[in-house]
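Numbering (this note's numbering), first residue to last: 279 to 583.
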Ligand code: PSU
Ligand code: MN
């Protein structure tokens, strides 16, 4: 696969230095402008401050970019509507036709792994939507087979979390709580759903990842990192907002790919920016853990050489 790896990212990868991939759907379709641009820049800064190289991934005019120039990041944020929303399945169409697309968790994971990146930080992965359960994000399937660690604040609270966790298990995605024994619920720290595995030291997490990939040739690791306590929203309040957003989606006949952006947009509007602030805080916290993990994995790798 032809990837346009930015020079600074290619340099880091060739030295075995830590790199953290970042997705672009959260920028183009998950957050309102101009907050999305500020968040995109803050995520890259958080990764760099943590001692790793950030690589935001997107399809621009039919080219898969791993690491974006500041101009492109701005275009993605200011003109998100001109970017399609591409999951891993949609990549071929955009690459063949020369169109532009923001990459979801599934597409970002596949492209990042293709470039040799082992850590990817996002906000929250997709999952099983509520209701009849027939809308299931491809994120879960892509994670199952892609050897990458994804740092996420659990799965988005708009989803059916018990079914999402069950499907992760069925598919063989290793879920590890970062300093928690509960699946986080995006805007809030806990869901009441217990996790079998948790890690409290970054080297421990790095070792788990390396054994999974290098010794077992297995797929993704979902690192579940709860939103920082100070940024967490009130459970009852956010549940009511989500319920209202789901009713609105149903009434307006919104489904499929448009559902997640619709729900997030509605929640952002109704909470007067509180949800956006929470989304920002949890994504940055994930970028910070991502940087630490990438550094630990790279250190492990260097010890072996
Ligand atoms: N996390 C966020 N905001 C987002 C998303 C994740 O904080 O907008 C995006 C991710 O790109 C994820 C996608 O892959 O939502 C899931 O969409 P769907 O449910 O249509 O698969
Ligand atoms: Mn879907």
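From the three backbone atoms N, C-alpha and C, an ideal C-beta is built for every residue, glycine too.
Close CB contacts of residue 564 within its chain, under the 6 Å cut and outside five residues either way in sequence, are with 399, 429, 503 (chain order). A distance criterion of 6 Å places the beta-carbon of residue 557 in contact range of the ligand PSU, judged by its closest non-hydrogen atom. In the three-state scheme derived from DSSP, where H, G and I count as helix and E and B as strand, residue 475 is classed as strand.
If you draw a straight line from the Cα of residue 562 to the Cα of residue 321, it is about 6 Å long.
Within the chosen limit of 6 Å, the ligand PSU reaches the beta carbon of residue 415 through at least one heavy atom. Inside the region 355 to 421, DSSP marks whole alpha helix (DSSP H) runs of 4 or more residues at positions 369 to 375, 383 to 392, from first to last along the chain. Using a 10 angstroms sphere on the CB of residue 534, the tally of other CB atoms stays under 16, which defines it as exposed.
Residue 287 sits in a helix when the DSSP states are folded into three classes. By the 16-neighbour rule on beta-carbons within 10 angstroms, residue 409 is exposed. The region 289 to 296 makes no contact with the region 362 to 382: fewer than 3 CB pairs, one atom from each, lie closer than 8 Å.
A contact between stretches requires three or more CB pairs, one per stretch, nearer than 8 Å, and the region 338 to 347 meets this requirement with the region 377 to 393.
When the Cα atoms are used, residue 461 and residue 530 turn out to be separated by approximately 31 Å.
At least one heavy atom of the ligand PSU lies less than 6 Å from the C-beta of residue 538.
Where residue 568 is concerned, the enclosing alpha helix (DSSP H) starts and stops at 552 to 582. One thing to note: residue 283 has its Cβ no nearer than 7 Å to the Cβ of residue 325. For residue 448, the enclosing alpha helix (DSSP H) starts and ends at 439 to 449. According to DSSP, residue 335 shares a beta bridge with 344. If you compare the alpha carbons of 374, 575, 499, 413 with that of residue 422, the shortest gap goes to 499. Every candidate beta strand (DSSP E) stretch fails here, since none sits fully inside the region 503 to 535 while reaching 3 residues. For residue 303, the CB contacts under 7 Å within the same chain, skipping 5 residues up- and downstream, are 363, 380, 381, 382 in chain order. Proximity of the beta carbon of residue 432 to the ligand PSU is not indicated: no heavy atom of the ligand is located closer than 6 Å. Cβ-Cβ distances below 6 Å link residue 513 to 466 in the same chain, with the five nearest sequence neighbours on each side left out; the list follows chain order.
In the DSSP assignment, residue 315 falls within the alpha helix (DSSP H) that extends over 313 to 327. Residue side-chain check: residue 411 keeps its Cβ at 6 Å or more from all non-hydrogen atoms of the ligand PSU. Cβ contact annotation for residue 416 (same chain, cutoff 8 Å, sequence separation greater than five): 365, 366, 367, 382, 384, 404, in chain order. Here the C-alpha atom of residue 545 lies approximately 34 Å from the C-alpha atom of residue 479.
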